[in-house]
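Taken in order, these protein sequences are the chains called G and E.
Just so you know, we're using UniProt numbering here: the first sequence kicks off at 1 and counts up by one.
Just so you know, we're using UniProt numbering here: the second sequence kicks off at 1 and counts up by one.
Notes for the one structure printed next.
There are 2 protein chains.
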Amino acid sequence: MVTIRDVAAEAGVSVATVSRVLNNKGYVHEDTLRKVQQAIEKLNYSPNEVARSLFKRQSKLVGLLLPDITNPFFPELARGVEDELQKQDFRLLFGNSDENPEKEQAYIETFLQNQVVGIISATQTSGMFNQEQPAVPTVFLDRTHEGRYTVYADGREGGKIAARELVRRGSRNITVLKGPGHISPVQDRFLGAVEVLAASSVDFQVIQMASLTYEEAEERAKELFRQYPATDGILASNDMTAAAVLHEALRIGKAIPEEVQIIGFDDIPMSRLLFPSLSTIKQPVYEMGKQAAQLLLKLIKKEEVAEQIIQLPVSFVERNTTRKVKADG
Amino acid sequence: MVTIRDVAAEAGVSVATVSRVLNNKGYVHEDTLRKVQQAIEKLNYSPNEVARSLFKRQSKLVGLLLPDITNPFFPELARGVEDELQKQDFRLLFGNSDENPEKEQAYIETFLQNQVVGIISATQTSGMFNQEQPAVPTVFLDRTHEGRYTVYADGREGGKIAARELVRRGSRNITVLKGPGHISPVQDRFLGAVEVLAASSVDFQVIQMASLTYEEAEERAKELFRQYPATDGILASNDMTAAAVLHEALRIGKAIPEEVQIIGFDDIPMSRLLFPSLSTIKQPVYEMGKQAAQLLLKLIKKEEVAEQIIQLPVSFVERNTTRKVKADG
DNA sequence: TTGAAAGCGTTACCAC
DNA sequence: GTGGTAACGCTTTCAA
Numbered sequence: 001m002v003t004i005r006d007v008a009a010e011a012g013v014s015v016a017t018v019s020r021v022l023n024n025k026g027y028v029h030e031d032t033l034r035k036v037q038q039a040i041e042k043l044n045y046s047p048n049e050v051a052r053s054l055f056k057r058q059s060k061l062v063g064l065l066l067p068d069i070t071n072p073f074f075p076e077l078a079r080g081v082e083d084e085l086q087k088q089d090f091r092l093l094f095g096n097s098d099e100n101p102e103k104e105q106a107y108i109e110t111f112l113q114n115q116v117v118g119i120i121s122a123t124q125t126s127g128m129f130n131q132e133q134p135a136v137p138t139v140f141l142d143r144t145h146e147g148r149y150t151v152y153a154d155g156r157e158g159g160k161i162a163a164r165e166l167v168r169r170g171s172r173n174i175t176v177l178k179g180p181g182h183i184s185p186v187q188d189r190f191l192g193a194v195e196v197l198a199a200s201s202v203d204f205q206v207i208q209m210a211s212l213t214y215e216e217a218e219e220r221a222k223e224l225f226r227q228y229p230a231t232d233g234i235l236a237s238n239d240m241t242a243a244a245v246l247h248e249a250l251r252i253g254k255a256i257p258e259e260v261q262i263i264g265f266d267d268i269p270m271s272r273l274l275f276p277s278l279s280t281i282k283q284p285v286y287e288m289g290k291q292a293a294q295l296l297l298k299l300i301k302k303e304e305v306a307e308q309i310i311q312l313p314v315s316f317v318e319r320n321t322t323r324k325v326k327a328d329g
Numbered sequence: 001m002v003t004i005r006d007v008a009a010e011a012g013v014s015v016a017t018v019s020r021v022l023n024n025k026g027y028v029h030e031d032t033l034r035k036v037q038q039a040i041e042k043l044n045y046s047p048n049e050v051a052r053s054l055f056k057r058q059s060k061l062v063g064l065l066l067p068d069i070t071n072p073f074f075p076e077l078a079r080g081v082e083d084e085l086q087k088q089d090f091r092l093l094f095g096n097s098d099e100n101p102e103k104e105q106a107y108i109e110t111f112l113q114n115q116v117v118g119i120i121s122a123t124q125t126s127g128m129f130n131q132e133q134p135a136v137p138t139v140f141l142d143r144t145h146e147g148r149y150t151v152y153a154d155g156r157e158g159g160k161i162a163a164r165e166l167v168r169r170g171s172r173n174i175t176v177l178k179g180p181g182h183i184s185p186v187q188d189r190f191l192g193a194v195e196v197l198a199a200s201s202v203d204f205q206v207i208q209m210a211s212l213t214y215e216e217a218e219e220r221a222k223e224l225f226r227q228y229p230a231t232d233g234i235l236a237s238n239d240m241t242a243a244a245v246l247h248e249a250l251r252i253g254k255a256i257p258e259e260v261q262i263i264g265f266d267d268i269p270m271s272r273l274l275f276p277s278l279s280t281i282k283q284p285v286y287e288m289g290k291q292a293a294q295l296l297l298k299l300i301k302k303e304e305v306a307e308q309i310i311q312l313p314v315s316f317v318e319r320n321t322t323r324k325v326k327a328d329g
């Protein structure tokens, strides 16, 4: 391993000088500069980040905590975060918590032990965060936490839009699939939907799910069609569950969207590839990741941040699990 | 920040002693042990990994380089890697290279600067790796590299199986969509398929794609049906392109699988949710990630490793883009 | 069984 | 403009 000492020796200067050119701060003569640069080149030197981090008590690393990268909602989030951080030469320390408090705790602890400059977390449990203010700037992503920096999409409005679209397109007996209540975005969209439905004149009922897995959604969908055969509109908690419902509906011979309309939530990549392609509420996922990273960067640099909570808009994506409607007017 | 010094002071011992209990190596009296543990508890001390890494010239970090986590093939790979490493308290430094040599170079450099103990790379370009043996144990995943530790699935055999299944199920005019030749697994499956087709009595043609994007596949699919209207069987480079072909086929009114059969490759999560659900060649993706991590762990610990290359088997997943065939016999 | 001290590779302060 | 050196928090000799 070649160190700053070797470079100094090679260039015939002190380590202090080499350090100065490395960080280009402080005076250094042009000739000296050249000598040092040549030495660096010659020895193929590259500074040891660990030593730097130790001295500065802060690394160029950011901790990213996700529930599960395998859930198709998250890869784009992660990408948004990474692309933004990468531009400023920050790197990602990455972990999946499975919403398991112990795992989460363990990851956060090692993030901190590795002296990350900041943390972005898309988890809800946040056992650690709840206890105390974390030692480094932290931004929550997709999940809201009272009094914390947060970037998320307007799930409430999304739920409303979904419900309105379903009603507007003619559903008169709607079933809402309600996801786990402790996941804030899931709860928000549910509340939004119910708010609109309650104020409308359509019949509706709610089926509670304990998870958002495809498998459970399949079960619930069976139940749904058995229990509420008159249902002609379904609001799913997310696209994955919508896919399960869609398949079950097709399996038992329902015409989609003629007999039953379905609206999902998220707009994950697969949604447009389903058949019929899935109408859904789109979250600006990449943008959310990006904005979370930007916010964190500001926090790290102690720049002024206008607001603690950034809420991004969602939008209805009309595809083929909802009926067409005449142009408004 | 509470340091080992604080703990030592609190416990009334030297830092050396605290270090000994931390790493439980060397003699330490039972009473002393207790005192130190209490001090640690009381001060809520947790050792600084950065300082450790600096001294040991080696961290508890592993670099994971992926082309793009947004490509649905990779999340499960990453998960396999992470789950395995996490058990042994290693953490992941994570980056997407987009198969861009500069990005890749930059990531690897920072991995090394952060003194990772090892690297797992699923990239093909590997500008850096090609030059010289990297400074730390490195395992290639999904992509093969001459003379390097590698974990991958048997794409060649997969290509053969796919071709055989298509022929066996009655396709007589087959189009092979060939992905970018520089990506080894993609090339392997192509070669396997062609090998079987060439030895068979069916007609076949090849369409070359410059990428594996859905968008390009859509274009090529249009071309395909225009140029080779007699095609009754399609071998796609992966499931994503298969999905595009499937949609285009449906759009122009082809009956699937009656008029045209399609087989994908990978078995990404969406494949079973397509309509008709996609027959494909399944790669044991999670397992691949896991094995790569296990291999790297062995390398790190300088344990004996039986072989440099681990090849995992693939399998045909029969779904509904291929015709049923009577039981063999 | 314990402690003093050197050293891991940097940076930043202070002299010159 | 430049260099010497303490310090970052830890581990590991080595001596006691």
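Here a beta-carbon is modelled for each residue, glycine too, at the ideal position from N, C-alpha and C.
- Of GLN311(G), ILE262(G), GLU287(G) and LEU295(G), the smallest CA-CA separation from GLU318(G) is found for ILE262(G).
- As summarised for the segment 220-247 of chain E, the continuous beta strand (DSSP E) elements at least 3 residues long and confined to that stretch are 233-235, given in chain order.
- Counting C-beta atoms within 10 angstroms of its own C-beta, PHE265(E) has 16 or more neighbours from the protein chains shown and is therefore classed as buried.
- Chain G has a Cβ within less than 7 angstroms of the Cβ of GLN113(E).
- Collapsing the DSSP output to three states places ASP31(E) in a helix.
- Note that the C-beta distance between VAL81(E) and ALA293(E) is below 7 angstroms.
- Counting along the chain, SER53(E) sits inside the alpha helix (DSSP H) bounded by residues 49-56.
- Out of SER279(G), THR213(G), SER237(G) and ALA210(G), the CA that lies nearest to the CA of VAL260(G) is found in SER279(G).
- For GLY95(E), the neighbours in chain G by C-beta distance under 8 angstroms run, in chain order, GLU82, GLN86, ARG91 and LEU92.
- Taking C-beta atoms as the reference points, ILE281(G) and GLY158(G) count as a pair closer than 7 angstroms.
- Shown here for PRO47(G): same chain residues with a beta carbon closer than 8 angstroms to its own, the five before and five after excluded, namely ILE4 and LEU22 in chain order.
- Residues of the same chain with a CB within less than 6 angstroms of the CB of VAL2(E), apart from the 5 flanking positions on each side, are LEU43 and TYR45 in chain order.
- If you ignore the 5 residues before and after VAL18(E), its C-beta comes within less than 6 angstroms of the C-beta of ILE4, VAL7, ALA8 and VAL36, all in its own chain and listed in chain order.
- Nearest CB-CB separation between PRO75(G) and chain E: below the 7 angstroms threshold.
- Contact of ARG57(E) with chain G by beta-carbon distance below 9 angstroms involves MET1, ASN48 and VAL50.
- When the five nearest sequence neighbours on each side are left out, no beta carbon in the same chain lies closer than 7 angstroms to the beta carbon of PHE275(G).
- Contact between ASP188(G) and ARG156(G) holds: their C-beta atoms lie close to 5 angstroms from each other, under 8 angstroms.
- Judged by their CB atoms, PRO185(G) and ASP142(G) are nearer to each other than the 7 angstroms cut-off.
- Of the other Cβ atoms in all chains shown, fewer than 16 fall within 10 Å of the Cβ of GLN308(E); this residue is therefore exposed.
- By the Cβ rule, the segment 285-300 of chain G does not count as touching the segment 195-214 of chain G, because fewer than three pairs are nearer than 8 angstroms.
- Residue state for SER211(E) is assigned as coil, using DSSP reduced to three classes.
- With fewer than three CB-CB distances shorter than 8 angstroms, the segment 24-41 of chain G does not count as touching the segment 85-96 of chain G.
- Contact of LEU296(G) with chain E by beta-carbon distance below 7 angstroms is absent, the smallest such distance being about 16 angstroms.
- According to DSSP, GLN187(E) shares a beta bridge with no other residue.
- DSSP, read as helix, strand or coil, puts ALA198(G) in helix.
- Three or more Cβ pairs drawn from the segment 243-252 of chain G and the segment 212-225 of chain G lie within less than 8 angstroms of each other, which places the two stretches in contact.
- Around the CB of GLY179(E), 16 or more other CB atoms lie within 10 Å, so the residue is classed as buried.
- Within the segment 273-326 of chain E, the runs of beta strand (DSSP E) that reach at least 3 residues and sit entirely inside it are, in chain order, 279-282, 309-312 and 315-317.
- Boundaries of the beta strand (DSSP E) around ALA153(G): 150-153.
- Within the segment 271-288 of chain E, the residues whose Cβ lies closer than 7 angstroms to any Cβ of chain G are, in chain order, LEU273, LEU274 and PHE275.
- Contact annotation for LEU54(E) against chain G: VAL50, ALA51 and LEU54 [CB-CB distance below 7 angstroms, chain order].
- Only ALA243 and HIS247 from the segment 226-248 of chain E bring a Cβ to less than 8 angstroms from some Cβ of chain G.
- Interface flag for THR123(E) against chain G is unset, since no Cβ pair is found closer than 7 angstroms.
- Secondary structure of LYS42(E) (DSSP, three-state): helix.
- Among the residues facing chain E, ILE69(G) is included, as its CB has a counterpart in that chain under 7 angstroms away.
- In the DSSP annotation of this structure, the continuous segment of the alpha helix (DSSP H) that includes GLN113(G) starts and ends at 101-113.
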